[in-house]
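Per the numbering used here, residue 1 is the first one in the sequence shown, and the count goes up by one each step.
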Amino acid sequence: MGMDKPPTLILGIETSCDETAAAVVAEGRVVLSNVVASQAELHAPYGGVFPELASRQHVRDIVPVIQEALAEAGVDFDDLAAVAVTHGPGLAGSLLVGVNAAKGICLGTGLPLIGVNHMAGHLYSHWLHDSGVLRTPTSRPDWTKLRPAVAAATAASAASAASDAPWPSDPPFPLLLLTVSGGHTELALVRGHGDLTLLGQTLDDAAGEAFDKAARMLGLGYPGGPAIQEAADRLAVAVARPVASPDEARPTPPFPVADTPQPLDFSFSGLKTAMLRRVEAARASGQEPDVSALAAGFQSAVVKALVGRTRRALERHPEVRAVLLAGGVAANGPLRTALAAAASRPVLVPPLALCTDNAAMIAAAGHFAWAAGRRDGLDLDVVAGLGW
Ligand code: KG4
Ligand code: ZN
């Protein structure tokens, strides 16, 4: 390619929950391939992830998914600098499949192994560029767009090696990270790579988990977040205008936003109970619950809780330069809008395909660990309850 130093390529592997994913990322930023085999349909009948089915499906999918990620990026193991794999937090039986696959590759090729915290993956989804190769599982990658992406990674890598200049669009530190996924709801202050302080977290359910449980009560599908958002959107259509809050559209009893002893913590279990009561009350009076109104009420309460805590955190930390939204719930439209309106700082949201679980973000997190000299041994363990 006519350059002194080829870009550092990392293979990322992710199997912590119900997506089997592999990706190749250049310089921790440019996505060369991003393959995700979702198990959502498999788990839909259960309204949540069925752990045993998940690990069995990972076993079936892991090898073809890794092969596809390498093929799409047009690289071999020889081209890679390291293999990064999620080793926690997540379902132990699922994590094991990815970790063992990564170990096998490293044993066979001599490549270094880097264990990645899934939550760090969500953070580093913000370093990734959608260079046109991101795709939905039904479309094929555009090879003509892949070449410039590699060239850009190469140029940027050469430039930063020459001048120590940071990548032009890396998020600025210090930053406030709001991670909202199926397993986590956390606010953290990040001062630099590997320098993170947890400011608050959920005391009970995670935001995504609350969406999933509420959706199940309303008879909507799994995953529940997109289903709730769609049902709430139908309410806006029914009243023929966008609605900021459900009360404005059709009377629905408001959902409570719980207070917590620590002002930056979250609690969503009360919302879940409130939803159950509303659904039962409707049925007791011989009616079907008003699904879109309840979905809209529930969604706006979750959004209010998330935005309220974020505002408080910003008041306490005026030095914060940007708010980073991460995790599957970051796909939620009303959350993005409300946060952008309330935050008084730039609010950064990754491309949709990088909000939910994927391996590109694991490769990106692995890149920065690799650059800092981190290497793991073949005795790397899965840690289901891994913290920060
Ligand atoms: O990060 P993620 O893909 O997996 C975990 O690490 O948990 O997050 C999945 C969660 C699910 O609970 C799903 O319902 C939620 O993200 N989610 C959404 C939306 N899309 C996905 N929640 C609200 N609105 C959405 N549009
Ligand atoms: Zn996740």
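For each residue, glycine too, the CB sits at the ideal point set by N, CA and C.
> How would you label Arg191, buried or exposed, when you count the other beta carbons within 10 angstroms and need 16 or more for buried?
Replying inline: Position 191 of the sequence shown, counted from the start, is the residue given in the question as residue 191. By the C-beta density criterion, Arg191 is exposed, having fewer than 16 other C-beta atoms within 10 angstroms.
> From what residue to what residue does the beta strand (DSSP E) around Val35 run?
Replying inline: Taking the sequence shown and counting its residues from 1, the one referred to as residue 35 is at position 35. From DSSP, the beta strand (DSSP E) with Val35 extends over Val30 to Ser38.
> Tell me the DSSP bridge mates of Leu178?
Replying inline: Position 178 of the sequence shown holds residue 178. Note: Leu178 sits in a beta bridge opposite Leu187 and Leu325.
> DSSP puts Ile228 in a beta bridge; with which residues?
Replying inline: Your numbering for residue 228 matches position 228 in the sequence shown. Bridge partners of Ile228: none, in fact.
> Along the chain, which unbroken stretches of the beta strand (DSSP E) at least 3 residues long are found entirely within the segment 292-372?
Replying inline: Segments of the beta strand (DSSP E) lying fully in the segment 292-372: 322-326.
> Using CA coordinates, which residue listed in Thr20, Val31 and Gly47 is at the minimum distance from Thr86?
Replying inline: For the purposes of this step, residue 86 is identified with residue 86 of the sequence shown, where counting begins at 1. Closest option to Thr86, Cα to Cα, is Thr20.
> Cβ of Pro350 within 9 Å of Cβ of Ala301?
Replying inline: Residue numbering aside, residue 350 sits at position 350 when the sequence shown is read from its first letter. Residue numbering aside, residue 301 sits at position 301 when the sequence shown is read from its first letter. Contact: no.
> Is the segment 88-101 close to the segment 315-334, with three or more CB pairs under 8 Å?
Replying inline: Between the segment 88-101 and the segment 315-334 there are fewer than three inter-stretch CB-CB distances shorter than 8 Å, so the stretches are not counted as touching.
> Going by the C-beta, is Asp205 closer than 8 Å to any heavy atom of the ligand ZN?
Replying inline: Residue 205 sits at position 205 when you count from the first residue of the sequence shown. No; taking the cut-off as 8 Å, the Cβ of Asp205 has no heavy atom of the ligand ZN nearer than that.
> According to DSSP, what are the bridge partners of Phe266?
Replying inline: To locate residue 266, count along the sequence shown from 1; it is residue 266. Phe266 pairs with Thr202.
>> Out of Leu111, Leu123 and Arg216, which one is the CA nearest neighbour of Val49?
In response: Working through the sequence shown from its first residue, we reach residue 49 at position 49. Cα-wise, what sits closest to Val49 is Arg216.
> If you follow the alpha helix (DSSP H) that Val24 is part of, which residue opens it and which one closes it?
Replying inline: Taking the first residue of the sequence shown as position 1, residue 24 is located at position 24. Premise fails: Val24 lies in the beta strand (DSSP E), Glu19 to Ala26, not in any alpha helix (DSSP H).
> Under three-state DSSP, which class holds Thr8?
Replying inline: Translated into the one-based positions of the sequence shown, residue 8 becomes position 8. Coil at Thr8, not helix or strand.
> What is the DSSP secondary structure of Asp212, counted as helix, strand or coil?
Replying inline: As a first step, residue 212 must be located in the sequence shown, where it is residue number 212. The answer is helix: DSSP assigns Asp212 an H, G or I state.
> Quick one: what does DSSP say Thr273 is sitting in, helix, strand or coil?
Replying inline: Taking the sequence shown and counting its residues from 1, the one referred to as residue 273 is at position 273. Thr273: helix per DSSP, three-state reduction.
> When you compare each of Val237, Asp212 and Ala359 to His122 by their alpha carbons, which one comes out closest?
Replying inline: Residue 122 sits at position 122 when you count from the first residue of the sequence shown. Cα-wise, what sits closest to His122 is Ala359.
> Between the C-alpha atoms of Ala188 and Leu314, what's the straight-line distance to the nearest angstrom?
Replying inline: Stepping through the sequence shown from its first residue, residue 188 is reached at position 188. Stepping through the sequence shown from its first residue, residue 314 is reached at position 314. Rounded to whole angstroms, the separation of the alpha carbons of Leu314 and Ala188 is 11 Å.
> For Ala81, does the three-state DSSP call read helix, strand or coil?
Replying inline: Within the sequence shown, the letter at position 81 stands for residue 81. Ala81 falls in the coil class under three-state DSSP.
> What's the C-alpha gap between Leu9 and Ser292?
Replying inline: Indexing the sequence shown from 1 puts residue 9 at position 9. Indexing the sequence shown from 1 puts residue 292 at position 292. Computed Cα separation, rounded: 46 Å.
> So what does DSSP say about Ala161, is it helix, strand or coil?
Replying inline: Here residue 161 is taken as the residue at index 161 of the sequence shown, counted from 1. For Ala161, the pLDDT reaches just 49, beneath the cut-off of 50, and the residue's location in the model is therefore unreliable, although a value from the coordinates is still provided. Ala161: helix per DSSP, three-state reduction.
> Which term fits Leu378, buried or exposed, when burial requires 16 or more other beta carbons within 10 angstroms of its beta carbon?
Replying inline: Against the sequence shown, residue 378 aligns to sequence position 378. Residue environment analysis places Leu378 among the exposed positions, since fewer than 16 neighbouring C-beta atoms fall within 10 angstroms of its C-beta.
>> Please tell me whether Ile421 and Trp370 are closer than 9 Å, where the distance is taken between their beta carbons.
In response: Residue 421 lies beyond the range of the chain shown here (1 to 388); nothing can be said about it.
>> Using only Cβ atoms and a threshold of 5 Å, which residues come within that distance of a heavy atom of the ligand KG4? Order them by chain position.
In response: In chain order, the qualifying residues are Ser181, Gly182, Gly183, Gly208, Phe211, Asp212, Pro223, Gly224, Gly225, Pro226, Gln229, Gly327, Gly328, Val329, Ala331, Asn332, Thr356 and Asp357.
> Got a sec: does the ligand ZN put a non-hydrogen atom nearer than 8 Å to the Cβ of Ser16?
Replying inline: Start at 1 with the first residue of the sequence shown, and residue 16 comes out as number 16. Within the cutoff, so yes.
> Mapping DSSP to helix, strand and coil, what is Thr15?
Replying inline: Your numbering for residue 15 matches position 15 in the sequence shown. Of the three classes helix, strand and coil, the one that applies to Thr15 here is coil, per DSSP.
> Between the Cα of His126 and the Cα atoms of His367, Leu348 and Val180, which residue gives the shortest distance?
Replying inline: The count along the sequence shown starts at 1 and reaches residue 126 at position 126. The shortest C-alpha to C-alpha distance from His126 to any of His367, Leu348 and Val180 is the one to Leu348.
>> Please state the DSSP three-state secondary structure of Asp259.
In response: The sequence position of residue 259 within the sequence shown is 259, counting from 1. In the structure shown, Asp259 sits in coil (DSSP, three-state: anything other than H, G, I, E or B).
> Quick one: what's got a C-beta closer than 6 Å to Asp205's C-beta in the same chain, skipping five residues either side?
Replying inline: Locating residue 205 in the sequence shown gives position 205, where the first residue counts as 1. Only Phe268 and Ser269 meet the Cβ criterion.
> With DSSP run on the structure shown, which of helix, strand or coil describes Leu96?
Replying inline: For the purposes of this step, residue 96 is taken as residue 96 along the sequence shown, with counting starting at 1. Helix, per DSSP.
> Thinking just about the alpha-carbon of each residue, which of Tyr222, Thr179 and Gly333 is nearest to the one in Gly47?
Replying inline: Residue mapping note: residue 47 aligns to position 47 of the sequence shown, counting from 1. When only C-alpha atoms are compared, the closest one is Tyr222.
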